[in-house]
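One structure is given here, and the rest of the page talks about it.
There are 2 protein chains.
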Amino acid sequence: MSLPHAILTALLEKPSSGLELTRRFDKSIGYFWSATHQQIYRELGKLEAEGLIRTLPAEQPARGQKKRYEVLPAGRAELARWTAAAQDPRAMRDPLLLRLRAAAVVGTAGVEDDLRRHLELHRRQLAEYRQIEQRDFPPDRDAPQDRLRHLVLRAGIDLETFWTQWLTHALAEFAGLPDAD
Amino acid sequence: MSLPHAILTALLEKPSSGLELTRRFDKSIGYFWSATHQQIYRELGKLEAEGLIRTLPAEQPARGQKKRYEVLPAGRAELARWTAAAQDPRAMRDPLLLRLRAAAVVGTAGVEDDLRRHLELHRRQLAEYRQIEQRDFPPDRDAPQDRLRHLVLRAGIDLETFWTQWLTHALAEFAGLPDAD
DNA sequence: GCCGGTTGTGCAACTAGTTGCAAAAAGGCT
DNA sequence: AGCCTTTTTGCAACTAGTTGCACAACCGGC
């Protein structure tokens with residue numbers, strides 16, 4: 000039940016059309032909660048039907064026409080409610096770790112290359128986060144909103160750092176393993 | 000498409016009934032790929048229909064009767080194929096980080112308590128992993144299977160370590176924030 | 001010998017997320 | 001004006017995961 004709240008957050012940060020939201024879910028918010036444009040359009044429809052958001056009037060509404068949405072008071076209230084409510088951490092599901100478990104049983108052939116590829120991807124993501132940090136969070140700014148957002152970005156940075164380190168370690172381990180069958 | 004392969008891996012490690020699998024998905028494999036018993040039973044049916052696993056004969060099959068499954072050669076081949084195939088890392092989705100983004104907009108009321116709760120949960124999980132490490136991976140054992148499984152466990156340990164550190168840092172940050180509204 | 005809890009299996013209906021495709025509008029080209 | 005491409009929105013059908021419940025067997029106590 001997080002997608003609607005991700006959208007409410009994004010719209011509160013800045014009212015947007017479906018496509019603009021889609022773009023923003025490819026970065027920023029999307030780094031922590033990814034979504035495709037179909038999910039977004041469908042959810043926008045639901046949220047509007049529930050009275051949590053509305054389209055900004057302005058232009059005539061027609062197919063292929065930009066519709067900009069903004070959050071209504073009820074939407075903000077719902078987001079505040081959800082934010083304050085306790086939630087259990089979601090169960091982990093990581094295909095890569097699963098694959099290594101499988102490789103322990105059926106052999107490691109082919110895995111190493113993909114580990115290298117993943118390492119490269121995580122390095123890239125880490126570099127991107129670091130760039131954002133430099134751009135958006137210079138040392139002097141510390142309004143509460145900035146500190147919270149910086150905290151979230153920090154989690155991203157530290158997670159990518161973990162993956163690059165772990166993958167490096169894993170590849171070193173593979174180098175010491177007998178040949179894959 | 001990972002659940003069937005998680006099950007194949009578990010069954011190769013040890014042939015089991017549906018319930019035994021369910022129990023093992025509450026620990027071990029389940030730490031990296033969680034699944035409910037309904038998912039498991041359904042998938043066992045599919046895998047059997049596809050000829051990747053079969054029930055061990057032995058007892059008479061009846062409702063409420065333990066059925067033990069084992070992996071057939073086709074199943075092992077499919078698992079090897081999947082293990083070797085390249086896969087993209089899955090997009091991140093973390094409700095907690097999303098909540099902090101939302102909190103930056105609608106206020107931090109109520110979040111802090113839940114952060115503390117999460118910290119406690121992650122600490123517990125970390126302690127459990129460490130115990131497993133001590134029990135299953137004494138310093139001298141280093142068969143390739145053990146090294147791979149240890150590597151996976153290490154990822155779990157490092158991830159939980161990251162979360163406890165990050166949550167600790169987050170709570171410290173909260174302490175320095177103006178009062179939540 | 002049957003009664004009630006536990007064990008083991010499973011169906012049905014639901015929510016969440018993905019994939020493939022298409023249609024309306026806008027803008028450029030000639 | 002007519003055509004082509006890109007932008008923006010959206011439907012439909014699918015796969016994956018969750019929730020709630022049901023039903024049979026088995027196991028103990030009385």
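So the protein lines, in turn, are chains D and G. For the first sequence, counting from 1, position 157 maps to 156 in numbering that gives the first Met the number 0; every step adds exactly one. For the second sequence, counting from 1, position 75 maps to 74 in numbering that gives the first Met the number 0; every step adds exactly one. Just so you know, even glycine gets a beta-carbon here, dropped at the ideal spot from N, CA and C. Computed from a prediction, not measured in an experiment: that's the story for all the values here.
Identification of chain G residues near Gln-86/D by a Cβ-Cβ cut-off of 8 Å yields Pro-94, Leu-95, Arg-98, Asp-113, ordered along the chain. Boundaries of the beta strand (DSSP E) harbouring Tyr-68/D: 67-70, taken from the DSSP string.
DSSP places Thr-8/D in the helix class (H, G or I) of the three-state scheme. Annotation: Arg-98/G is outside any beta strand (DSSP E); the continuous alpha helix (DSSP H) that includes it extends over 94-105. Chain-order list of chain D residues neighbouring Ser-33/G: Ala-90, Met-91, Arg-92, by C-beta distance under 7 Å. The criterion of a C-beta distance shorter than 7 Å is not satisfied by His-121/D and Glu-77/D. Contact of Gly-109/D with chain G is assigned, a C-beta pair being separated by under 7 Å. Within chain D, not a single residue places a beta-carbon under 9 Å from that of Ser-15/G; the smallest gap is close to 14 Å. When DSSP states are grouped into helix, strand and coil, Thr-21/D belongs to the helix group. Between Ala-103/D and Arg-148/G, the C-beta spacing is below 7 Å.
Among the CB atoms of chain G, none fall inside 7 Å of the CB of Gln-37/D. The Cβ atoms of Ala-169/G and Leu-114/G sit closer than 7 Å to each other. Per the coordinates, the alpha-carbon of Leu-150/G lies some 16 Å from the alpha-carbon of Lys-26/G. Looking only at Arg-22/G, Tyr-30/G, Glu-49/G, Gly-50/G, the smallest Cα-Cα distance to Ile-39/G is reached by Arg-22/G. Residue contact with chain G for Asp-141/D: absent (no Cβ-Cβ distance below 7 Å to any residue of chain G). Within the stretch 153-168 of chain D, Arg-153, Ala-154, Gly-155, Asp-157, Leu-158, Thr-160, Phe-161, Trp-162, Gln-164, Trp-165, His-168 place their CB atoms closer than 9 Å to a CB of chain G, listed in sequence order. Counting C-beta pairs closer than 8 Å gives three or more between the stretch 3-10 of chain G and the stretch 87-105 of chain D, which meets the contact rule.
Within 9 Å of the CB of Ile-131/G, no CB atom of chain D is found; the nearest one sits about 14 Å away.
In the DSSP annotation of this structure, Thr-167/D is not part of any beta strand (DSSP E); the continuous alpha helix (DSSP H) holding it starts and ends at 143-174.
Among the CB atoms of chain G, none fall inside 7 Å of the CB of Val-70/D.
Comparing C-alpha distances from Val-105/D to each of Pro-143/G, Val-105/G, Asp-93/G, Leu-20/G shows the shortest one belongs to Pro-143/G.
Contact with chain G is found for Arg-148/D, since one of that chain's Cβ atoms lies less than 7 Å from the residue's Cβ.
The residue among Ala-48/D, Pro-72/D, Gln-37/D, His-117/D with its C-alpha nearest the C-alpha of Ala-84/G is His-117/D. Listed along chain D, the residues sitting closer than 7 Å to Glu-12/G by beta-carbon distance are Val-104. Counting along the chain, the unbroken alpha helix (DSSP H) around Arg-129/G starts and ends at 110-135. Taken atom to atom, the span from the alpha-carbon of Arg-129/D to that of Ala-79/D is near 30 Å. Secondary structure of Ser-15/D (DSSP, three-state): strand. When the five nearest sequence neighbours on each side are left out, the beta carbons in the same chain lying within less than 7 Å of the beta carbon of Trp-81/D are those of His-4, in order along the chain. In terms of Cα proximity to Ile-156/G, the closest of Ala-174/G, Glu-132/G, Thr-167/G, Asp-145/G is Glu-132/G. Thr-82/D has a beta carbon lying within less than 7 Å of a beta carbon in chain G. A Cβ-Cβ distance of about 6 Å is found for the pair Gln-86/D and Pro-94/G, placing them in contact under the 8 Å criterion.
The shortest C-alpha to C-alpha distance from Gln-37/G to any of Phe-24/G, Tyr-30/G, Thr-54/G is the one to Phe-24/G. According to the DSSP assignment, Ile-52/D belongs to the beta strand (DSSP E) that extends over 52-54.
Arg-41/D: member of the alpha helix (DSSP H) spanning 36-48, first to last residue.
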